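To start, the structure under review is shown below, and the notes come after it.
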Amino acid sequence: MSEKSSKNKISLERIQQIREFSLIGFIIVLSIFVQFRNSNFLTMSNIDDLLTNTAILSILAVGMMMVIITRGIDLSIGATLALSGMVTSMTVSNYPSLHPLVALLIGIFIGLISGAIIGLLVAKFNILPIIATLGMMNVFRGITFLISGGKWVSAYQMSDSFKAISTGSILGINNLILIAIIIYLVFYYFINYTRTGRKIYAVGSSPESAKISGINVDRITWLVYSIMGGLAGLSGVLWVSKFASAQSNTASGYEMNVIAACVIGGVSIAGGEGKVTGLISGVLLYGILENALPMINVSPFWQNAIQGAVILIAVLVSALIKRRIGSSNKIRRED
Amino acid sequence: MVNNSNNGITLNREIKSEKEFSLKKFFFQWEWLLFLIFIAIHIINSQLSPYYLNTYTLLDATMTFLDKAFIALSMTFVIIFGDIDISVGSTIALASVIMAVLYNAGLPMPLAILVCLLVGVIAGFINGILIVKFKELSAVIVTLSTMILYRGIAYIILENQASGGFPMWFNFLGWGYIKTIIPFILVAFIIAAVIFYVLLHKTTFGRKVYAIGNNDVASLFSGVKVDKIKIIVFTLNGLMAAIAALFLTSKMGSTRPNIASGYELDVIAMVVLGGVSTSGGKGRMIGVLLSIFIIGFLRYGLGLVNVPDQVILIVIGILLIFSVMLSNLKLFSNKS
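Line order of the protein sequences matches chains A and B.
So the mapping is simple: this note's numbering equals the position in the first sequence, first residue as 1, plus 139.
So the mapping is simple: this note's numbering equals the position in the second sequence, first residue as 1, plus 341.
Following this line, the structure appears as structure tokens:
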């Protein structure tokens with residue numbers, strides 16, 4: 140029996156591998172196709188552009204993945220991002236000599252607090268994540284508007300060192316890409332090799348059994364939303380520094396892109412499932428779609444619908460794959 | 342035998358005690374709290390602005406918020422399932438844009454309106470069928486993708502332009518009066534509200550909706566056609582979104598692909614504040630109706646004294662979260 144179950148286990152892992160490989164395969168085919176239509180696609184400068192533009196999305200996606208693994212969802216990150224970006228850029232415009240690292244810390248701190256509030260609402264007050272984050276999304280947007288008085292913070296009000304956070308580079312690689320790589324390394328270790336990281340999966344797979352096995356489910360939930368908030372805060376600073384402008388409607392609706400990237404990357408909305416490696420390919424595919432569609436002269440008005448269709452197809456296909464995994468699990472249990 | 346009859350007696354007693362009028366139970370209902378808030382808002386508003394408290398203002402105020410309230414009626418059913426539909430704003434955009442484009446391409450307006458309703462029905466039906474066929478996906482993720490998709494199609498059709506120039510009589514939907522002071526939209530809404538009230542509380546269909554919300558597996562085993570009812574409800578939600586699209590388009594005079602963005606939040610806030618539990622199976626139409634008018638008059642009153650829209654958003658966001666927090670407490674018996 141053990142032999143059989145291990146055999147089935149291999150096939151189960153294989154199905155997941157198939158999904159990841161088919162995603163990578165799709166990315167390669169898409170890239171080749173775009174390359175044929177526009178030979179500027181696979182040049183170093185465009186790849187650098189593509190990665191730079193995808194970096195913020197990818198940072199947010201890590202946090203969102205953890206939230207979704209615990210069966211939650213966070214619709215407030217666009218608003219958190221705007222709030223943190225607005226506060227830091229206003230601080231920077233008032234104290235131009237502020238060290239960029241301090242600006243980053245301020246942003247992360249604001250994001251952490253916002254995330255912690257949401258985590259508290261979800262974990263302690265048992266409010267459904269979608270309701271709690273919808274409500275707080277309104278609140279954060281409103282606060283951003285209030286503190287800015289509806290005005291923008293523009294490029295000339297920001298110090299050069301602040302703008303250099305996102306535009307500068309080390310060893311020829313853009314800072315944004317470097318920050319994203321560091322975040323991915325840290326969270327790859329955190330999710331896969333620390334106890335807390337594994338507990339996130341346990342909570343998502345089955346909250347009841349996690350509770351019975353002595354895991355503090357509330358604390359994990361709270362932690363996950365706080366991390367999400369912190370990453371959104373960090374992204375806020377990066378965003379404002381990159382575009383050199385902070386507005387009260389910055390990144391509105393961006394949460395949908397992030398959720399979409401997660402879903403394409405194989406993170407299951409039902410919870411308990413999702414890997415950092417899968418996430419990378421999901422984020423890449425999303426980034427390539429955004430970068431490549433304008434390059435092959437697809438009207439910008441088509442992009443929304445194409446993205447929607449891609450998300451829908453990705454969700455449906457992964458559901459179908461999961462059904463096959465589910466049926467092979469059933470066979471295993473019957474053994 | 343003895344045991345049996347004993348059981349029977351206790352059972353009878355329980356039923357009796359449940360039916361007995363309890364003052365505490367009667368007053369500790371969500372709807373009373375809503376009613377108090379409703380009164381409070383009118384008192385505050387009339388203090389804030391001397392122009393608030395007269396019949397004309399109050400009747401006219403309903404024109405500003407009743408368009409989305411139509412969706413709240415059917416969204417109540419969706420949330421009683423324990424599901425959610427965040428694609429309604431995009432459905433409005435799609436239906437409205439297609440109507441406007443077809444009218445400007447020469448289709449008579451009545452036919453264009455019919456197409457608008459049809460688009461809503463189809464959009465809702467697609468949501469329903471996907472949710473039923475892919476049970477492992479939550480309604481959140483399905484309607485999230487259709488939300489992006491529907492609005493995306495609206496953008497493809499109209500790009501970044503506006504379309505309008507509707508015939509004069511079409512303005513009547515959003516701006517017309519009956520007997521010179523009662524807004525037409527108010528009359529239409531009351532009719533719709535009565536229909537949905539009856540559907541939810543007085544028909545077997547409504548009972549089945551509650552049953553599914555409480556336990557869909559048990560309902561399936563007791564012979565309720567869960568899938569069919571879910572598809573009907575989501576289709577209905579699409580239809581109501583299309584009706585909202587008619588009133589909104591008439592009110593605005595023209596339409597754009599970004600029309601009604603963020604409406605889903607307003608609608609969900611109305612329903613949840615009305616005491617419909619997002620975990621399913623609970624809630625009453627009366628509560629939703631009260632909360633529609635609470636949010637509507639709150640917005641209108643704050644707008645009268647020039648409170649910016651963003652501050653109103655904060656208020657609504659906090660109201661939404663507090664209402665869910667309160668309804669999570671066991672204090673309010675909220676059963677139908």
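Idealized CB from N, CA, C, for every residue including glycine.
Given the structure is predicted, the values throughout are model-derived calculations rather than measurements.
For a cut-off of 8 Å, the C-beta gap from residue 424 of chain B to residue 480 of chain B is around 4 Å, short enough to register as a contact. Proximity of residue 165 of chain A to chain B, defined by a Cβ-Cβ separation below 9 Å, is not satisfied. Between residue 370 of chain A and residue 198 of chain A a beta carbon distance of about 6 Å is seen, short of the 8 Å cut, so the two are scored as contacting. Rounded to the nearest angstrom, the Cβ distance from residue 373 of chain A to residue 217 of chain A is 14 Å, too far for a contact under 8 Å. For residue 314 of chain A, the three-state secondary structure derived from DSSP is helix. Per DSSP, the continuous alpha helix (DSSP H) segment holding residue 582 of chain B begins and ends at 567 to 593. Spanning the alpha carbons of residue 464 of chain A and residue 176 of chain A requires a straight line of approximately 38 Å.
If you look at residue 280 of chain A, you'll find it in the alpha helix (DSSP H) that goes 268 to 287. Per DSSP, the unbroken alpha helix (DSSP H) holding residue 225 of chain A starts and ends at 216 to 233. For residue 445 of chain B, the enclosing alpha helix (DSSP H) stretches over residues 429 to 445. Here residue 538 of chain B carries a helix assignment [DSSP, helix/strand/coil].
Among the bridge pairs identified by DSSP, residue 524 of chain B is matched with B:518. Burial of residue 625 of chain B is indicated by the presence of at least 16 other C-beta atoms within 10 angstroms of its C-beta. Separation of the CB atoms of residue 273 of chain A and residue 422 of chain A is rounded to 24 Å, and the pair is thereby denied contact status at 8 Å. One alpha carbon belongs to residue 585 of chain B, the other to residue 407 of chain B, and they sit about 8 Å apart. Pairing residue 178 of chain A with residue 431 of chain B, the inter-Cα distance amounts to about 36 Å. Contact between the stretch 177 to 192 of chain A and the stretch 410 to 417 of chain A is absent, with fewer than three C-beta pairs closer than 8 Å. If you draw a straight line from the Cα of residue 300 of chain A to the Cα of residue 321 of chain A, it is about 21 Å long.
With respect to the C-alpha of residue 499 of chain B, the residue from B:536, B:530 and B:435 having the closest C-alpha is B:435.
Boundaries cannot be given for residue 437 of chain A, as no alpha helix (DSSP H) includes it and DSSP labels it neither H nor E.
With a beta-carbon spacing of about 28 Å, residue 619 of chain B and residue 437 of chain B fall beyond the 8 Å limit used to define contacts. Along the stretch 476 to 502 of chain B, going in chain order, the ones with a CB nearer than 8 Å to a CB of chain A are 477, 478, 479, 481, 482, 483, 485, 486, 487, 488, 489, 490, 491, 492, 493, 494, 496, 497, 500 and 501. At a cut-off of 9 Å between beta-carbon atoms, residue 395 of chain A makes contact with chain B. Annotation for residue 371 of chain B: the continuous alpha helix (DSSP H) segment containing it runs 371 to 389. Short of 7 Å from the beta carbon of residue 378 of chain A, and not among the five residues preceding or following it, lie these beta carbons of its own chain, in chain order: 195, 220, 224, 389 and 390. In summary, residue 632 of chain B is buried, with 16 or more beta-carbon neighbours lying within 10 Å of its beta-carbon over all protein chains present. Taking a C-beta distance under 9 Å as the contact criterion, residue 615 of chain B and residue 413 of chain B qualify as a contact pair.
Taking C-beta separations shorter than 6 Å and ignoring five residues to either side along the sequence, the partners of residue 471 of chain B in its chain run 483, following chain order. In the DSSP assignment, the residues bridged to residue 309 of chain A are A:312. A distance below 9 Å separates the beta carbons of residue 613 of chain B and residue 664 of chain B. Of all alpha-carbon atoms in B:418, B:410, B:487 and B:508, the one lying nearest the alpha-carbon of residue 447 of chain B is that of B:508. Closest option to residue 397 of chain B, judged by alpha-carbon separation, among B:520, B:597 and B:477: B:520. At least 9 Å separates the CB of residue 190 of chain A from every CB of chain B. Counting only unbroken stretches of 3 or more residues, no beta strand (DSSP E) element lies wholly within the stretch 357 to 406 of chain A. Close partners of residue 669 of chain B in chain A (Cβ separation under 9 Å): 264, 265 and 266. Residue 628 of chain B sits in a helix when the DSSP states are folded into three classes.
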